[in-house]
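Residue numbers (our numbering): -16 to 369. Step one of this worksheet: look at the structure below.
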Amino acid sequence: MSKLIYLDNSATAFPKPEEVYQFMDSFYRKHGVNPGRSGFDAAIETEEIVHNTRKMLTELFNGDDPNRLTFSYNASDSLNMILQGLAEKGDHIITTCLEHNSVLRPLHHLEKDGIAEVTHITFDTKGYIDPENIKKAIKKNTKMVVVNHSSNVIGTIQPLAEIGKICKENGVYFIVDASQSAGAVPIDMKAMNIDVICFTGHKCLMGPTGIGGSYVKENVPVKHTRFGGTGVRSAVKTRLEEYPYRLECGTLNILGVAGLYAGVKWVNEKGIDNLHNKEMALWEQLKNGLQAIEGITTYCADSTKNQNPVLSFNVKGFDAGDVGTLLDVDYNIACRTGLQCAPKVHEVIGTFDIHGTVRLSMGPFNTEEHIDKAIEAVKEIAGIRN
Ligand SMILES: Cc1ncc(COP(=O)(O)O)c(C=O)c1O
């Protein structure tokens, strides 16, 4: 069997840089102890890595205070904490049809439990939200706007600065799901007026699974939804108000933090723009190749501008899942098919009732040869029925 061609980087980046594997291994052997709880050397050195990772990510997002950069299991975990911690009875929340279930579901439950009313803003035929539609949807009781920066189905990158400006002018919190964009494109919380950013470690930040987090700006009143040990001020009976303890309790996933540290360092060294440009050249190669095949429909794949290297398509006469199986079994190409945890995107692009799309997503270790092989494979599959 030929070597695996991995084109499912939107699900998780794979492989990780060699530096990440090596750093995790050596870190855990030398420093696999509980940070912040003790005064011996290894504990202090572990705390240093944790703090430096907070610092690197705070700088990446242009935040101010590394302590407000808190860690969690992943983006879903942080989005739950933020959305549930901010919403109050009677609130109105605006979000978009581009969201992943990690936003749609917490919001659905807030609505179902009678806490908040949720409005979903749709996107245009090219895959972009018009900020004016968000402005028009704002009501007196609108508490927050929640936006997926970059779609995990169609890869389009939303105009955060314009949306953030509208949020600021109207006094509503702006929450960004940066799962597919952190480490992929620049994010500036100040220039974009973002109040809270939620990220995951295992995608474009090149860390392992099981680590993610959020950065919460000052004056954003996120209520505690979890209580527990913090390693400091143990005599206090109540929750601790201050960050990072406000959103973190229990022993941190320090192996995950160490991997994230090495991943972010690697991304910074390579340069976000360099990585993005290389992957977008592959995206363009793929788009042109697929669009030239008879019987292929691509979705919102237009230009490389405001786009991440993610492409969804269907093959005439085939269920998306069957194309995925053929790519896997006959060509050893890994992709993702179906609704990709973002059902509303499929409602808008018209693929909900036909079992979604086939999604190919590129990462830093893909090559032109991988893309050539993927195009050739799709051509052969399309040829079966056309
Ligand atoms: C846009 C978006 N948001 C949230 C998530 C959830 O990330 P995680 O599974 O790491 O919590 C994903 C993962 O695919 C995503 O693509």
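The C-beta atom is built at its ideal place from N, Cα and C for all residues, glycine as well. Values in this document were obtained by computation on a predicted structure and should not be read as measured data.
Residue i Cβ short of 7 Å to ligand 1 heavy atom set
i	result
SER344	no
THR78	no
ASN289	no
ASP(-9)	no
ALA58	yes
HIS83	yes
VAL187	Per the sequence shown, the amino acid found at residue 187 is Cys instead of Val. Result no, Cβ not under 7 Å from ligand 1.
GLN163	yes
GLY138	no
ALA245	no
ASN236	no
ASP74	no
ASN63	no
THR320	no
CYS283	no
ALA120	no
GLY239	no
GLY339	no
ASP160	yes
ALA174	no
Under 8 Å between C-beta atoms of residue i and residue j
i	j	result
TYR282	GLY193	no
LEU243	GLY190	yes
ALA303	THR280	no
LEU265	ILE354	yes
GLY195	ALA58	yes
THR213	TYR228	yes
ILE137	ILE117	no
LEU310	ALA360	yes
VAL159	VAL130	yes
ALA365	ILE255	no
SER197	GLN163	no
GLU351	GLN274	no
VAL128	VAL155	yes
PRO292	GLU262	yes
GLY278	VAL298	yes
Buried/exposed call for residue i, threshold 16 Cβ in 10 Å
i	result
ILE367	exposed
PHE301	buried
LEU(-10)	buried
THR234	exposed
THR36	buried
ARG51	buried
HIS91	exposed
ASP60	buried
GLN5	exposed
GLN323	buried
LEU69	buried
PRO(-2)	exposed
ALA218	exposed
PHE157	buried
SER(-15)	exposed
ASN202	exposed
Short CB-CB distance (under 8 Å) between residue i and chain C
i	result
GLY304	In summary, chain C is missing from the structure at hand, where a single protein chain is found.
For residue j and residue i, believed in contact at Cβ under 8 Å, the rounded distance
i	j	result
PHE54	LEU81	The pair is not a contact, with the Cβ atoms about 26 Å apart (cut-off 8 Å).
ASP336	LYS109	The pair is not a contact, with the Cβ atoms about 22 Å apart (cut-off 8 Å).
ALA161	MET7	About 23 Å; that fails the 8 Å criterion.
ILE76	VAL205	Not really, about 14 Å apart at Cβ, beyond 8 Å.
LEU188	GLY246	5 Å
ARG342	SER(-7)	7 Å
ASN289	ILE140	4 Å
CYS232	PHE210	6 Å
Which ranges does the beta strand (DSSP E) cover as unbroken runs of at least 3 residues, wholly within the region 111 to 151, from first to last along the chain?
125 to 131
Threshold first: 4 residues or longer. Then list the alpha helix (DSSP H) segments lying entirely within the region 218 to 300, N to C.
Listed in chain order, they are 237 to 253, 255 to 274.
Go through the region 0 to 57 residue by residue and report every complete run of the beta strand (DSSP E) that reaches 3 residues or more, in order.
52 to 55
Could you give the uninterrupted runs of the alpha helix (DSSP H) lying entirely in the region 190 to 219, keeping only those of 4 residues or more?
Those alpha helix (DSSP H) runs which fall completely within the region 190 to 219 and span 4+ residues do not exist here.
In chain order, which beta strand (DSSP E) runs of at least 3 residues are fully inside the region 66 to 97?
74 to 79
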